[in-house]
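J.: One structure, as structure tokens, below. Some questions next.
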Ligand SMILES: [Zn+2]
Ligand SMILES: [Zn+2]
């Protein structure tokens, strides 16, 4: 008898606004801001020096450590501390 209250077709319509281009852009902006914040925090390993040792693996790199710590990881044949990929190269990075 109470079938009217159990079926609410309006709820679905409200939660499905047709995919807007703006939404995706917003997400990218947040990610970008997050990146900037991360760059400003010190080295993940020593927590002292700035993040200027870029850890390269394939076509991407992670900037999470200072040059000294990044080189130490490479020397010890340790993987990238973020994604565990094999470190191919460590480069000193300057922000210009
Ligand atoms: Zn460091
Ligand atoms: Zn990585």
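In full-length UniProt numbering, the protein residues as written are 1 to 96.
Quick reminder that beta carbons are idealized off the backbone N, C-alpha and C, glycines included.
Thinking just about the alpha-carbon of each residue, which of 64, 34, 26 and 38 is nearest to the one in residue 83?
T.: Here residue 83 is taken as the residue at index 83 of the chain shown, counted from 1. Comparing Cα-Cα distances from residue 83 to each of 64, 34, 26 and 38, the minimum goes to 64.
J.: Does ligand 1 have a heavy atom nearer than 6 angstroms to the CB of residue 32?
T.: Counting from 1 along the chain shown, the entry for residue 32 is found at position 32. Incorrect: residue 32 has no Cβ contact closer than 6 angstroms to ligand 1.
J.: If the criterion is Cβ atoms closer than 7 angstroms, does the pair residue 58 and residue 90 meet it?
T.: Here the question's residue 58 lines up with position 58 in the chain shown. Here the question's residue 90 lines up with position 90 in the chain shown. Taking 7 angstroms as the Cβ cut-off, residue 58 and residue 90 do not qualify as a contacting pair.
J.: By DSSP, does residue 84 sit in helix, in strand, or in coil?
T.: Within the chain shown, the letter at position 84 stands for residue 84. DSSP places residue 84 in coil when its eight states are reduced to three.
J.: Say the cut is 6 angstroms; is the CB of residue 49 nearer than that to a heavy atom of ligand 1?
T.: Here residue 49 refers to the residue found at position 49 of the chain shown. Indeed, a heavy atom of ligand 1 lies less than 6 angstroms from the Cβ.
J.: Using only alpha-carbon positions, find the residue among 33, 86, 30 and 50 that is nearest to residue 95.
T.: One-based indexing of the chain shown puts residue 95 at position 95. The candidate whose alpha carbon is nearest that of residue 95 is 50.
J.: Measure the alpha-carbon distance for residue 38 versus residue 55 and round it to whole angstroms.
T.: The residue given as residue 38 occupies position 38 in the chain shown. The residue given as residue 55 occupies position 55 in the chain shown. Whole-angstrom Cα-Cα distance: 15 angstroms.
J.: Under the three-state reduction of DSSP, which class applies to residue 63: helix, strand or coil?
T.: Position 63 of the chain shown, counted from the first residue, corresponds to residue 63. Correct three-state label for residue 63: strand.
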